[in-house]
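Before any comments, here is the structure.
There are 2 protein chains.
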Amino acid sequence: MTPPESYNKLKERMKEIATLQSTGAVLYWDQEAYLPKRAFDHRGDQLAQLERLGHEWFTDPLVNDWLAAVEESDLAKDKESEAAVNVREWRRLYDREVKLPTEFVEDFTRTTTKASQVWAEARQKSDFSIFAPLLEKIVELCRRKADLIGFETEAYDVLLDEYEPGAKTAEVEQVFKALRPELVELIGKIAAAPRKPDIGILRKQYDIGKQRLFAESLGAAQGLDFQQGRVDESTHPSCNALGPFGIRILTRYYLDDLHEGITSMTHEVGHGLYDFGHQDKSHWGTPMGETASLAIHESLSRLWENIVGRSREYWSYFFPQLQRIFREELAGVGLDDFYGAMNYVTPSYIRVQADEATYNLHIMLRFELERAMIRGDLKVKDIPGEWNRRFEDYFGIEVDNDANGCLQDVHWAHGIHGYFPTYTLGNLCAAQFWSQAQLDLPDLLDDFSRGNFNRLL
Amino acid sequence: MTPPESYNKLKERMKEIATLQSTGAVLYWDQEAYLPKRAFDHRGDQLAQLERLGHEWFTDPLVNDWLAAVEESDLAKDKESEAAVNVREWRRLYDREVKLPTEFVEDFTRTTTKASQVWAEARQKSDFSIFAPLLEKIVELCRRKADLIGFETEAYDVLLDEYEPGAKTAEVEQVFKALRPELVELIGKIAAAPRKPDIGILRKQYDIGKQRLFAESLGAAQGLDFQQGRVDESTHPSCNALGPFGIRILTRYYLDDLHEGITSMTHEVGHGLYDFGHQDKSHWGTPMGETASLAIHESLSRLWENIVGRSREYWSYFFPQLQRIFREELAGVGLDDFYGAMNYVTPSYIRVQADEATYNLHIMLRFELERAMIRGDLKVKDIPGEWNRRFEDYFGIEVDNDANGCLQDVHWAHGIHGYFPTYTLGNLCAAQFWSQAQLDLPDLLDDFSRGNFNRLL
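Chains as they are written, first to last, in our numbering: chain A, 1 to 457; chain B, 1001 to 1457.
What follows is the structure in structure tokens.
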């Protein structure tokens, strides 16, 4: 077989795997949006089967042969060529995955599917003890994964690497260490400022049907194409790519919180636009058609949510529309009042509802706790106590119950320890991309006040 | 390997295949309920991949060896034993499937997924020419399937056998021939009757949100368990089993037709109750846990839709509730008026909205046409003309457009030629089951007037 033939074999195989994974993404989306309670066990079997197949196809020794043939050939000489990029990334993943036995992969998927369901119940009842036994098993599985793959410094490196290729725990720690005092100072200054936005504006009774229409119109204005994607509702907002054309946004609305339905949408649409943004669909299913890392993916959602979607220019365009929809509720509210409320900074329990400034403290807390879990320094049973202690230390408020504390996020139920840091790394990337965008595209903010996002997109 | 070991291998393999197929069912359900237009091509790839895998796993020569080992053993001696029943059915399917090349199976799935999308557009525009090229390919694929599997008398036998194992085209023809004059006479008598129900009762403006709540309450009363199932909306009503616990009903509501939302629900819930009804979930994924035939499955939906859901007793319980929901619209309407309207018999274009009496004529028409298509006696381009000609002959009304004619059903786009007859066979089975149920369970109709369906269930 010639190197080009090997490379074609690889592409064919990887696209088969990507197709299978996109089927898994449908199952997962459905699980988050619609799956009835008693159907969860079987969903775990379905997902585990696809994981097993994908793992088998990917870790096939033939893949290693094909990779080697391309790596040693002229095809990979130019490090920026399509073949070199794809093969480099496949090799990295192959060397990880081949160390995980198929039974382990299946067990991991089945356990985390079950855990997602149990977590939802625990959160609803605000009772950590319901979730603890499964979380113990998941932490054990994560540690086992790290051991199987192997690491130099610490187990958490292996988990982090899955979402942020090449990143090291110690580096993240350094970045967070530098960011933290500046953040604390900023939050302190905001708290001491004499002028406070009236957050009450957002806490009236806002009809959910109207909120839905408005939020979907924001998504459409940003660039969400409803011929390729759709929006449904779920407990936990997310954006799911179900194939080269098929973005499924899950969002949520609260009757007494106008803010949540808006920012969940602007955020998730940011993810969706990044997925849509891979214009050359022939790369679909290969690293050339995928994100470089989760921080990069997250930077786009953050850019849209925070930098675009909380800007005064954005609201100078959309607030009059919103005011027409909620005529009574927003009567007498000025643009600056609304803009202020959308940017209100204050310590709060829930990460996904946190403001732009305190948000990163939520991430630092989770990073520290999950790193301690993986190291074995923190037992699962001690999580609620430790969470609450640190939370009070960082935010100055006492956690009233586990649903508002350590049970609020689904991530640990999914076994995706190592994922949280990418949110703050994403914020930092977003700031850098935005800074460059403003240099490259003069008067970019003016576009927003005309409801035009094409140049940014 | 001992025969019990072979049997266990078979069960394991078949449950793997059933799990994979249940994943395909999720993809299909999503396609019918939610798939955006531009995502259809990739959905075809996803479904084709699962079909290919399932086909490969099922037609593996090992399956043949395991089957042979059990067939020749004591395990299969008692023809009514679990092993004998399962192996007999697997053998029947194996001998069919093994004759179909994998590429054929993939091509069939990809073509019919594409066709479902194109059909929807053609129906919307009422333009048969949009759908014709794909239908031509599908008819060709169906004929090729019949040729590959082989037949004694006619190709249509092979297709029919997929849905109604063992049934022959000539037998269906005989049954229909006997039924038809009696039906025509009955419909004639009804048409000549001096008393006519006022169908206008059902054709006011009925708020869809309220219709939805009412219809779901009917489903719940009949026995639909929302911990295991859910209801969504689609162009074409259906009931999809996504696993041992996971019934997804798709239904539809029209603002100006109260009838449709009710009967679609009572019908599809009938299917769902049958699927839920397999109490011993250990049989899931084997013939012992599946329906004997589609006519049997359909007989349950028909029983609930027509015999239960159009009975005076059923409405004596539910009509007062409906009247409370639609206070103004149903003011002054009596139970007998409503009961009469729900049982109105008249020739009409759309099969799924047809009354109980004329319904079977719709099936006979389709049976004749698809049989002619498969025989090669009817060209695809001649379908609209032939449909309209026969329709006028059977129903005495002229078809006004293809959306109300030959484009109304999705079945041909799915390539499930041979399926239609099972609807009428289901009606006939339902009548027989009902007759026996009344003998076995005295005063059964009285239960309905108390909203109680437990004995029947």
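Heads up, the beta-carbon is just placed ideally off N, CA and C, and yes, glycines get one too.
Predicted, not measured: the structure shown is a model, and the values here were computed from it.
Interface partners of residue i on chain B, CB under 8 Å
| i | result |
| --- | --- |
| Y163 of chain A | Within 8 Å Cβ-Cβ: nothing; Y163 of chain A doesn't reach chain B, min ~25 Å. |
| S22 of chain A | H1042, Q1046 |
| V458 of chain A | Residue 458 of chain A lies beyond the stretch modelled for chain A, which goes from 1 to 457, so this question has no answer here. |
| T109 of chain A | Per Cβ cutoff of 8 Å: no residues; T109 of chain A is ~13 Å from chain B at best. |
| L273 of chain A | Per Cβ cutoff of 8 Å: no residues; L273 of chain A is ~15 Å from chain B at best. |
| L250 of chain A | Those do not exist, as L250 of chain A stays about 12 Å from chain B at its closest Cβ, beyond 8 Å. |
Exposed unless 16 or more other CB atoms sit within 10 angstroms - verdict on residue i
| i | result |
| --- | --- |
| M1265 of chain B | buried |
| G246 of chain A | buried |
| A1193 of chain B | exposed |
| D1030 of chain B | buried |
| L1441 of chain B | exposed |
| D1045 of chain B | buried |
| A220 of chain A | exposed |
| N1306 of chain B | buried |
Check: residue i C-beta below 7 Å from any heavy atom of the ligand PLP
| i | result |
| --- | --- |
| L20 of chain A | Only the bare structure without any ligand can be found here, which leaves the ligand PLP out of the picture. |
Spatial neighbours of residue i in its chain, beta-carbon cut-off 6 Å, leaving aside the 5 residues before and after
| i | result |
| --- | --- |
| A413 of chain A | A115, S116, W119 |
| R1351 of chain B | H1362 |
| T1424 of chain B | N1360, I1363 |
| H1278 of chain B | G1289 |
| G1376 of chain B | none |
| L1330 of chain B | Q1323 |
| V259 of chain A | Per the sequence presented here, residue 259 of chain A reads as His, with Val not at that position. The answer, listed in chain order, is L202. |
| A167 of chain A | L160 |
| E1097 of chain B | F1058, T1059 |
| P197 of chain A | G340, A341, Y344 |
| I1199 of chain B | A1341, Y1344 |
| P1003 of chain B | A1069, V1070, S1073, L1075 |
C-beta contact flag for residue i and residue j at 8 Å
| i | j | result |
| --- | --- | --- |
| V231 of chain A | T251 of chain A | yes |
| A1292 of chain B | A1025 of chain B | no |
| G1405 of chain B | P1421 of chain B | no |
| Q222 of chain A | L294 of chain A | no |
| V63 of chain A | A83 of chain A | no |
| M1342 of chain B | V1139 of chain B | no |
| E106 of chain A | E162 of chain A | no |
| H1271 of chain B | L1300 of chain B | yes |
| L407 of chain A | A39 of chain A | no |
| L1067 of chain B | Y1094 of chain B | yes |
| Y1254 of chain B | G1418 of chain B | no |
| L1010 of chain B | W1090 of chain B | yes |
| L134 of chain A | F108 of chain A | no |
| F1318 of chain B | L1218 of chain B | yes |
Same chain, Cβ closer than 7 Å to residue i, neighbours up to 5 away in sequence not counted
| i | result |
| --- | --- |
| L1183 of chain B | A1357, N1360, L1361 |
| L1445 of chain B | S1311, E1313 |
| R1467 of chain B | The structure shown does not extend to residue 1467 of chain B, since chain B is modelled only from 1001 through 1457, so no value can be given for it. |
| A1354 of chain B | S1348, H1362 |
| A403 of chain A | R123, S126 |
Interface partners of residue i on chain A, CB under 8 Å
| i | result |
| --- | --- |
| L1226 of chain B | First, the residue type needs correcting, since residue 1226 of chain B is Phe and not Leu in the sequence shown. By Cβ distance, chain A contributes P36. |
| E1016 of chain B | Q49 |
Residue i: contacting residues in chain A (beta-carbon distance under 7 Å)
| i | result |
| --- | --- |
| F1245 of chain B | R38, A39, H42 |
| T1019 of chain B | D45, Q46, Q49 |
| L1179 of chain B | Near L1179 of chain B there are no residues of chain A at all, since even the closest Cβ is about 39 Å away, more than 7 Å. |
| L1213 of chain B | Result: empty, since nearest Cβ-Cβ is about 15 Å, beyond 7 Å. |
Proximal residues of chain B, C-beta to C-beta of residue i below 7 Å
| i | result |
| --- | --- |
| L255 of chain A | None at all; the shortest Cβ gap to chain B is about 17 Å. |
| G229 of chain A | P1036 |
| T113 of chain A | The premise fails here: T113 of chain A is roughly 12 Å from chain B at the closest Cβ pair, so nothing lies under 7 Å. |
Neighbour flag for residue i against chain C, beta carbons, 8 Å
| i | result |
| --- | --- |
| G1285 of chain B | Absent from the structure is chain C; the protein chains it does hold are A and B. |
Listed by chain order, chain B residues near residue i by CB distance under 9 Å
| i | result |
| --- | --- |
| T235 of chain A | The premise fails here: T235 of chain A is roughly 15 Å from chain B at the closest Cβ pair, so nothing lies under 9 Å. |
Neighbourhood of residue i by C-beta, 8 Å cutoff - its chain only, sequence neighbours within 5 removed
| i | result |
| --- | --- |
| I1325 of chain B | K1210, L1213, F1214 |
| I1190 of chain B | V1345, A1357 |
| L1027 of chain B | R1043, Q1046, L1047, L1050 |
Closer than 9 Å at the beta carbon, the chain A residues around residue i
| i | result |
| --- | --- |
| L1456 of chain B | Near L1456 of chain B there are no residues of chain A at all, since even the closest Cβ is about 23 Å away, more than 9 Å. |
| L1361 of chain B | The premise fails here: L1361 of chain B is roughly 38 Å from chain A at the closest Cβ pair, so nothing lies under 9 Å. |
| L1062 of chain B | The premise fails here: L1062 of chain B is roughly 17 Å from chain A at the closest Cβ pair, so nothing lies under 9 Å. |
Quick check on the DSSP output: what are the complete beta strand (DSSP E) runs of length 3 or more inside the region 1172–1243 of chain B, in order along the chain? Segments of the beta strand (DSSP E) lying fully in the region 1172–1243 of chain B: 1229–1233, 1238–1241.
In chain order, which continuous runs of the alpha helix (DSSP H) of length 4 or greater are located wholly inside the region 1072–1150 of chain B? The qualifying runs are 1082–1097, 1102–1125, 1128–1149.
What are the uninterrupted segments assigned as alpha helix (DSSP H) that are 4 or more residues long and contained completely in the region 310–385 of chain A, given in chain order? The region 310–385 of chain A contains these whole alpha helix (DSSP H) runs: 312–325, 335–342, 359–375.
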